[in-house]
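*Asks:*
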Amino acid sequence: DAGVIQSPRHEVTEMGQEVTLRCKPISGHDYLFWYRQTMMRGLELLIYFNNNVPIDDSGMPEDRFSAKMPNASFSTLKIQPSEPRDSAVYFCASRSSSGANVLTFGAGSRLTVL
Amino acid sequence: KNEVEQSPQNLTAQEGEFITINCSYSVGISALHWLQQHPGGGIVSLFMLSSGKKKHGRLIATINIQEKHSSLHITASHPRDSAVYICAVNSGNTPLVFGKGTRLSVIA
Numbered sequence: 020d021a022g023v024i025q026s027p028r029h030e031v032t033e034m035g036q037e038v039t040l041r042c043k044p045i046s047g048h049d050y051l052f053w054y055r056q057t058m059m060r061g062l063e064l065l066i067y068f069n070n071n072v073p074i075d076d077s078g079m080p081e082d083r084f085s086a087k088m089p090n091a092s093f094s095t096l097k098i099q100p101s102e103p104r105d106s107a108v109y110f111c112a113s114r115s116s117s118g119a120n121v122l123t124f125g126a127g128s129r130l131t132v133l
Numbered sequence: 023k024n025e026v027e028q029s030p031q032n033l034t035a036q037e038g039e040f041i042t043i044n045c046s047y048s049v050g051i052s053a054l055h056w057l058q059q060h061p062g063g064g065i066v067s068l069f070m071l072s073s074g075k076k077k078h079g080r081l082i083a084t085i086n087i088q089e090k091h092s093s094l095h096i097t098a099s100h101p102r103d104s105a106v107y108i109c110a111v112n113s114g115n116t117p118l119v120f121g122k123g124t125r126l127s128v129i130a
């Protein structure tokens, strides 16, 4: 397996633009997590899905953020409109509920909002 | 107060030194994880443990459930060990709660 695949790796955009981040989890993993990492706050959970269903989105900062998981192999995190304070690295991670409870992280998407 | 506290925040060591990074948590857990994040950003899971000790190469992780404390040790440290080490805990199937990380620099 190629691991958790995220795209884009880097995105620079202007304030007010829509940003869409994409994630392909490891095949067979039934949990998917979106995290945001900043210098000030470290890693923060934004939302997670189990079997494509959102379980907890209490970490989503505000209505500008939305996430979907239309099927077991794809998820998106959308920011509309983007603001400079959204600049961060966004990680997607997945794991299986069976076996070891170990997360596999994607390489991250570094977002810069000017 | 953060549920997961790590110390130190930053650590600089000479190559070959024995390194200890500490993690304390305030909630009941089913597992504690140690993660490594290299410059460039990729995050890798090093250990998951719920009791005792685990060893992988030069890395050793221990946990004391009663004291709600874990340590990550690196023996014979090397510059390639330079990274951010992150402690995280979870209970059952709940998501991980992360510490802020410890930034380690090993100088040759």
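As given, the protein sequences belong to chains Y and C, one line each in that order.
Each residue of the first sequence is one higher than the one before, counting from 20 in the numbering used here.
Each residue of the second sequence is one higher than the one before, counting from 23 in the numbering used here.
Each residue gets a CB set at the ideal place from its N, CA and C atoms; glycine is no exception.
Nothing here was measured: the structure is a model prediction, and the numbers come from that model.
Around the C-beta of residue 40 of chain C, are 16 or more other C-beta atoms found within 10 angstroms, so that it is buried, or is it exposed?
*Replies:* Counting from 1 along the second sequence, the entry for residue 40 of chain C is found at position 18. Burial call: exposed.
*Asks:* Going along the stretch 57-90 of chain C in order, which residues come within less than 7 Å of chain Y, judged by CB to CB distance?
*Replies:* 63, 64, 65, 67, 70
*Asks:* By the three-class DSSP mapping on this structure, what secondary structure does residue 103 of chain Y have?
*Replies:* Within the first sequence, numbered from 1, the residue matching residue 103 of chain Y stands at position 84. Three-state result, residue 103 of chain Y: helix.
*Asks:* Please confirm if the stretch 108-123 of chain Y is in contact with the stretch 24-34 of chain C, defined as three or more CB-CB distances below 8 Å between the two stretches.
*Replies:* no
*Asks:* Whose C-alpha, out of C/36, C/38, C/56, C/35, is nearest the C-alpha of residue 123 of chain C?
*Replies:* Translated into positions along the second sequence, residue 123 of chain C becomes position 101. Considering only alpha carbons, the answer is C/56.
*Asks:* Chain Y beta carbons: is any one of them nearer than 7 Å to that of residue 123 of chain C?
*Replies:* Position 101 of the second sequence, counted from the start, is the residue given in the question as residue 123 of chain C. Answer yes: the Cβ-Cβ gap between residue 123 of chain C and chain Y drops below 7 Å somewhere.
*Asks:* In chain C, which residues lie with their C-beta within 9 Å of the C-beta of residue 47 of chain Y?
*Replies:* Within the first sequence, the letter at position 28 stands for residue 47 of chain Y. None at all; the shortest Cβ gap to chain C is about 16 Å.
*Asks:* Would you mind working out which of C/116, C/128, C/78, C/54 sits nearest residue 66 of chain Y, comparing C-alpha positions?
*Replies:* The sequence position of residue 66 of chain Y within the first sequence is 47, counting from 1. Comparing Cα-Cα distances from residue 66 of chain Y to each of C/116, C/128, C/78, C/54, the minimum goes to C/116.
*Asks:* Within 7 Å of any Cβ in chain C, is that where the Cβ of residue 132 of chain Y sits?
*Replies:* The residue given as residue 132 of chain Y occupies position 113 in the first sequence. By this cut-off, residue 132 of chain Y is not an interface position.
*Asks:* What first and last residue would you give for the beta strand (DSSP E) that runs through residue 110 of chain C?
*Replies:* Translated into positions along the second sequence, residue 110 of chain C becomes position 88. In the DSSP annotation of this structure, the continuous segment of the beta strand (DSSP E) that includes residue 110 of chain C starts and ends at 105-112.
*Asks:* Cβ closer than 7 Å: which chain Y residues qualify as neighbours of residue 118 of chain C?
*Replies:* In the second sequence, counting from the first residue as 1, residue 118 of chain C sits at position 96. Result: 122.
*Asks:* Near residue 129 of chain Y, which residues of its chain fall below 6 Å by C-beta distance, leaving aside the five closest residues on each side in sequence?
*Replies:* Taking the first sequence and counting its residues from 1, one reaches residue 129 of chain Y at position 110. Cβ within range, chain order: 29, 108.
*Asks:* Please indicate yes or no: does the CB of residue 63 of chain Y lie closer than 6 Å to some heavy atom of the ligand SAH?
*Replies:* With respect to small molecules bound, the structure shown includes none, and the ligand SAH cannot be examined in it.
*Asks:* Does DSSP put residue 101 of chain C in a helix, a strand or coil?
*Replies:* In the second sequence, counting from the first residue as 1, residue 101 of chain C sits at position 79. Helix.
*Asks:* Checking the sheet assignment: what are the DSSP bridge partners for residue 74 of chain C?
*Replies:* Here residue 74 of chain C is taken as the residue at index 52 of the second sequence, counted from 1. According to DSSP, residue 74 of chain C bridges with C/85.
*Asks:* On the criterion of 16 or more Cβ atoms from any shown chain inside 10 Å, does residue 103 of chain Y qualify as buried, or is it exposed?
*Replies:* Reading the first sequence from its first residue, position 84 is the one you call residue 103 of chain Y. Burial call: exposed.
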